[in-house]
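Protein chains in written order, with full-length UniProt numbering: chain A, 1 to 165; chain B, 1 to 339.
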Amino acid sequence: MSLSITLTLNGATRAVALDDMRVTLLDLLRERLAMPGTKKGCDRGQCGACTVLVNGKRVNSCLTLAATLDGAEITTIEGLAKGEALHPVQEAFIKADGFQCGYCTPGQIMSAVGLIAEGRAGDDPERIREGMSGNICRCAAYHGITRAVQEATRRMAEEQKGDAA
Amino acid sequence: MKPFDFLQPATIDEALSAWTDGAAWLGGGTNLVDLMKTGAVQPDLVIDITRLPGLNAVEVLPDGTTRIGALVTNADLADHPEITARAPMVAEALLSGASGQLRNAATVAGNILQSPRDAFFAHQEPASDPLASAGSLSVLGAEGTATAVNPSDFCVPLVALDAVVELQGPDGPREIPLAGLHQLPGQGARTALRPGELILALRLPPEAAGFAANARYLKVRDRTSFAFAMASAAAALKIDGGRITAARLALGAVAPKPWRVAEAEEILTGQAPDPELFARAAGAALAGAVEIGGNGWKIDLARRTAARALAMAAAGTPARIPALPASPFGTTAGDHAHA
Ligand SMILES: Cc1cc2nc3c(=O)[nH]c(=O)nc-3n(C[C@H](O)[C@H](O)[C@H](O)COP(=O)(O)OP(=O)(O)OC[C@H]3O[C@@H](n4cnc5c(N)ncnc54)[C@H](O)[C@@H]3O)c2cc1C
Ligand code: FES
Ligand code: FES
Numbered sequence: 001m002s003l004s005i006t007l008t009l010n011g012a013t014r015a016v017a018l019d020d021m022r023v024t025l026l027d028l029l030r031e032r033l034a035m036p037g038t039k040k041g042c043d044r045g046q047c048g049a050c051t052v053l054v055n056g057k058r059v060n061s062c063l064t065l066a067a068t069l070d071g072a073e074i075t076t077i078e079g080l081a082k083g084e085a086l087h088p089v090q091e092a093f094i095k096a097d098g099f100q101c102g103y104c105t106p107g108q109i110m111s112a113v114g115l116i117a118e119g120r121a122g123d124d125p126e127r128i129r130e131g132m133s134g135n136i137c138r139c140a141a142y143h144g145i146t147r148a149v150q151e152a153t154r155r156m157a158e159e160q161k162g163d164a165a
Numbered sequence: 001m002k003p004f005d006f007l008q009p010a011t012i013d014e015a016l017s018a019w020t021d022g023a024a025w026l027g028g029g030t031n032l033v034d035l036m037k038t039g040a041v042q043p044d045l046v047i048d049i050t051r052l053p054g055l056n057a058v059e060v061l062p063d064g065t066t067r068i069g070a071l072v073t074n075a076d077l078a079d080h081p082e083i084t085a086r087a088p089m090v091a092e093a094l095l096s097g098a099s100g101q102l103r104n105a106a107t108v109a110g111n112i113l114q115s116p117r118d119a120f121f122a123h124q125e126p127a128s129d130p131l132a133s134a135g136s137l138s139v140l141g142a143e144g145t146a147t148a149v150n151p152s153d154f155c156v157p158l159v160a161l162d163a164v165v166e167l168q169g170p171d172g173p174r175e176i177p178l179a180g181l182h183q184l185p186g187q188g189a190r191t192a193l194r195p196g197e198l199i200l201a202l203r204l205p206p207e208a209a210g211f212a213a214n215a216r217y218l219k220v221r222d223r224t225s226f227a228f229a230m231a232s233a234a235a236a237l238k239i240d241g242g243r244i245t246a247a248r249l250a251l252g253a254v255a256p257k258p259w260r261v262a263e264a265e266e267i268l269t270g271q272a273p274d275p276e277l278f279a280r281a282a283g284a285a286l287a288g289a290v291e292i293g294g295n296g297w298k299i300d301l302a303r304r305t306a307a308r309a310l311a312m313a314a315a316g317t318p319a320r321i322p323a324l325p326a327s328p329f330g331t332t333a334g335d336h337a338h339a
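Below is the structure:
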């Protein structure tokens with residue numbers, strides 16, 4: 001069967017004709033919409049490399065069928081920066097050395113953006129580690145990742161205060 | 001993956017009438033899509049139920065019953081103020097399961113119906129699933145057969161609190177206790193669901209909230225976070241004047257279903273809480289356990305997990321769910337130095 005869906009991808013409306021219901025959001029992004037920033041690690045929900053935001057919530061795009069997403073709003077790593085200005089989480093990963101090879105990094109960053117929005121961890125390193133446990137880093141850059149999420153959490157809280165004032 | 005057709009019904013009636021042989025309901029998809037990738041499940045038709053109206057609420061009814069819609073996500077339920085207030089061990093169990101990403105997609109109904117991990121082996125070498133291990137065979141309720149444990153954390157406190165499942169199917173609505181949803185080898189299918197039946201909601205009876213002050217879920221796993229249980233326990237006590245007036249104990253990851261232990265509850269009731277009592281109750285809980293495939297360690301582990309969960313419950317529900325939910329480890333020492 002075939003199905004047409006419309007979704008908002010990083011702010012732009014995209015009409016997508018699906019000729020195969022098996023296509024996951026991950027494969028849709030990488031192979032059909034030329035958005036290879038989102039990575040495939042395990043394809044089974046076990047590593048977090050494929051993390052994106054769907055309607056503002058972090059999910060594993062490898063376990064999400066594209067067909068389910070009519071009307072959804074998707075944010076990928078390609079949609080975080082505003083032009084040349086990096087997102088605070090991206091900047092914090094660079095500053096805190098939150099990676100080595102970088103393969104897990106798009107998923108780590110999207111997961112961190114989701115975690116910070118959930119507001120459950122704050123800047124407590126133990127809660128951050130627990131909240132980021134769905135993202136495996138084969139290079140074990142965990143120390144830097146935790147620091148990056150702490151740093152970004154603080155900075156985003158300050159910016160929010162600044163905006164409110 | 002085998003090709004399939006896809007439907008996204010807008011009403012419950014539409015969904016029910018779309019059902020045919022070979023169809024599968026799709027909730028968050030975190031279990032079903034995974035199983036479809038291995039070929040273990042091969043539906044001809046996938047019916048996405050996530051747009052069905054009216055299944056997304058958590059409400060407390062006038063009599064004190066908590067009613068939870070089937071489509072509430074695991075993440076939303078764990079954060080819901082009525083759940084953290086009335087059934088804190090349910091929130092703790094949810095937060096100890098899977099990952100932040102998976103909990104955002106996973107639904108209430110999908111969680112309680114998730115397949116045992118051995119389903120993934122149907123078309124694979126066992127070694128290819130790093131999340132399963134020798135510890136996943138049942139030591140209770142399997143009559144010595146090699147039967148995988150029920151892997152759900154969520155189900156363990158639910159069965160301890162007498163949760164009820166509301167169903168709707170081709171023959172109309174019915175309800176069954178959660179304790180009767182999963183079946184043992186010899187009882188027929190893995191669950192008591194009939195073809196084409198949908199879970200619409202879960203209910204926690206009013207009595208559940210009476211345990212909120214002394215209720216914990218404890219989960220022992222291969223790594224601190226993002227791993228299935230090797231053994232787990234949900235323990236809930238009502239303590240009045242230094243005596244236990246009511247007790248609930250259920251074990252996870254030891255049997256093909258969440259394992260409620262009435263014998264242990266009887267031993268606890270009327271007694272003053274103390275470690276010797278908890279050890280005796282835990283011993284009774286595992287009394288019928290049978291080792292299989294060299295997993296005798298699991299029996300010891302489950303017994304100690306049950307005793308420890310009872311002690312943690314007696315100490316009182318923490319004001320906030322710990323940084324490491326359901327973990328035997330307290331907060332570990334600060335941020336690790338990079339050696
Ligand atoms: C890497 C990984 C780690 C995990 N770790 C844990 C863990 O530590 N602890 C734990 O408890 N779980 C764990 N899980 C399992 C996870 O909790 C389940 O995958 C999830 O809860 C399933 O919910 P879902 O909505 O995605 O279900 P789906 O995949 O959509 O559905 C699961 C099953 O339920 C059926 N179904 C769904 N909704 C209904 C309904 N309303 N009525 C009737 N049938 C329905 C489907 O047809 C399917 O058979 C893990 C999963 C993964 C992938
Ligand atoms: S690729 Fe999706 S979790 Fe690994
Ligand atoms: S930086 Fe290499 S996998 Fe994480």
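Glycine included, each C-beta is placed from N, C-alpha and C at the ideal position. For clarity, every value in this text was computed on a predicted model and none was experimentally measured.
Practice task
May I ask which residues mark the beginning and end of the beta strand (DSSP E) holding D79 of chain B?
Solution key: Counted from its first residue, the second sequence places residue 79 of chain B at position 79. Under the DSSP assignment, D79 of chain B falls outside any beta strand (DSSP E), being part of the alpha helix (DSSP H) whose first and last residues are 74-79.
Practice task
Give a yes or no on whether the minimum CB-CB distance between R32 of chain A and chain B is below 7 Å.
Solution key: Here the question's residue 32 of chain A lines up with position 32 in the first sequence. Answer no: the Cβ-Cβ gap between R32 of chain A and chain B never drops below 7 Å.
Practice task
Jot down the residue ranges of each uninterrupted alpha helix (DSSP H) in the segment 60-136 of chain A, minimum 4 residues, whole runs only, in chain order.
Solution key: 88-95, 105-118, 125-131
Problem - Proximity winner among B:L77, B:A87, B:V46, B:S152, relative to F226 of chain B (alpha-carbon distances) - result: Stepping through the second sequence from its first residue, residue 226 of chain B is reached at position 226. Of B:L77, B:A87, B:V46, B:S152, the residue nearest in Cα terms is B:S152.
Exercise for the section: Report yes or no: do the segment 149-158 of chain A and the segment 110-121 of chain A share at least 3 C-beta pairs separated by less than 8 Å? Expected result: Judged by pairs of C-beta atoms under 8 Å, the segment 149-158 of chain A touches the segment 110-121 of chain A, as three or more such pairs exist.
Exercise for the section: Answer with yes or no whether the minimum CB distance from A323 of chain B to chain A is below 7 Å. Expected result: Numbered from 1 along the second sequence, position 323 holds the residue referred to as residue 323 of chain B. With respect to chain A, the C-beta atom of A323 of chain B has a partner C-beta closer than 7 Å.
Practice task
Please compile the residues from chain B whose C-beta is within a distance smaller than 8 Å of the C-beta of S111 of chain A.
Solution key: Counted from its first residue, the first sequence places residue 111 of chain A at position 111. Correct list: G100, Q101.
Handout entry: Contact test: F99 of chain A Cβ vs ligand 3 heavy atom, cutoff 6 Å
Key = The residue given as residue 99 of chain A occupies position 99 in the first sequence. Answer for F99 of chain A: yes, Cβ within range of ligand 3.
Problem - Delimiting residues of the beta strand (DSSP E) encompassing T146 of chain A - result: Counting from 1 along the first sequence, the entry for residue 146 of chain A is found at position 146. Here T146 of chain A belongs to no beta strand (DSSP E); instead the alpha helix (DSSP H) covers 142-164.
Problem - G162 of chain A burial status per 10 Å Cβ neighbour count (16 or more: buried) - result: Here residue 162 of chain A corresponds to residue number 162 of the first sequence, with the count starting at 1. With fewer than 16 other Cβ atoms within 10 Å, it is exposed.
Practice task
Return no unless some Cβ of chain D is closer than 7 Å to the Cβ of S232 of chain B.
Solution key: Protein chains in the displayed structure are A and B, and chain D is not among them.
Handout entry: Below-7 Å beta-carbon distance, V33 of chain B vs any chain A residue
Key = The residue labelled residue 33 of chain B in the question sits at position 33 within the second sequence. It does; some Cβ of chain A falls within 7 Å.
Exercise for the section: Give a yes or no on whether the minimum CB-CB distance between G29 of chain B and chain A is below 7 Å. Expected result: Position 29 of the second sequence holds residue 29 of chain B. It does; some Cβ of chain A falls within 7 Å.
Handout entry: Identity of the residue in B:A287, B:W297, B:V261, B:I244 nearest A315 of chain B by Cα
Key = Here the question's residue 315 of chain B lines up with position 315 in the second sequence. Closest by alpha carbon: B:I244.
Problem - Proximal residues, the segment 63-80 of chain A versus chain B, C-beta separation under 8 Å - result: Listed by position, the residues of the segment 63-80 of chain A near chain B (Cβ gap below 8 Å) are L63, T64, L65, A67, T68, D70.
Problem - Where L28 of chain A meets chain B, residues with beta-carbon distance less than 7 Å - result: Here the question's residue 28 of chain A lines up with position 28 in the first sequence. Chain B residues near L28 of chain A: none, gap ~14 Å exceeds 7 Å.
Exercise for the section: Please confirm whether P325 of chain B and S96 of chain B have their CB atoms less than 7 Å apart. Expected result: Looking up residue 325 of chain B in the second sequence gives position 325. Looking up residue 96 of chain B in the second sequence gives position 96. Yes; because the gap between Cβ atoms is below 7 Å, this pair is in contact.
Problem - Sub-7 Å separation of A70 of chain B and I199 of chain B beta-carbons - result: Counting from 1 along the second sequence, the entry for residue 70 of chain B is found at position 70. Counting from 1 along the second sequence, the entry for residue 199 of chain B is found at position 199. Contact flag set, yes.
Problem - beta-carbon L32 of chain B near ligand 1 non-hydrogen atom, thresh 6 Å - result: Locating residue 32 of chain B in the second sequence gives position 32, counting from the first residue. Within the cutoff, so yes.
Problem - Spatial distance of L52 of chain B from V60 of chain B (CA atoms) - result: As a working note, residue 52 of chain B is residue 52 in the second sequence. As a working note, residue 60 of chain B is residue 60 in the second sequence. Answer to the nearest angstrom: the Cα atoms are 21 Å apart.
Practice task
Would you list the one or two residues that DSSP bridges to P53 of chain B?
Solution key: What you label residue 53 of chain B is simply residue 53 of the second sequence in a count that begins at 1. According to DSSP, which records beta bridges pairwise, P53 of chain B is partnered with nothing at all.
Practice task
Output yes if chain A places a C-beta closer than 7 Å to the C-beta of M1 of chain B; else output no.
Solution key: Position 1 of the second sequence, counted from the start, is the residue given in the question as residue 1 of chain B. Output row for M1 of chain B: interface = yes.
Practice task
Give a yes or no on whether the C-beta atoms belonging to L140 of chain B and A255 of chain B are separated by under 7 Å.
Solution key: On the second sequence, position 140 is the one that residue 140 of chain B refers to. On the second sequence, position 255 is the one that residue 255 of chain B refers to. Cβ atoms of L140 of chain B and A255 of chain B: closer than 7 Å.
Exercise for the section: Quick one: measure Cβ to Cβ for I116 of chain A and M156 of chain A, integer angstroms, because I've assumed they're closer than 8 Å. Expected result: As a position in the first sequence, residue 116 of chain A is number 116, starting the count at 1. As a position in the first sequence, residue 156 of chain A is number 156, starting the count at 1. Correct: roughly 6 Å between the Cβ atoms.
Handout entry: Three-state secondary structure (DSSP) of M1 of chain B
Key = In the second sequence, the residue the question calls residue 1 of chain B occupies position 1. Coil.
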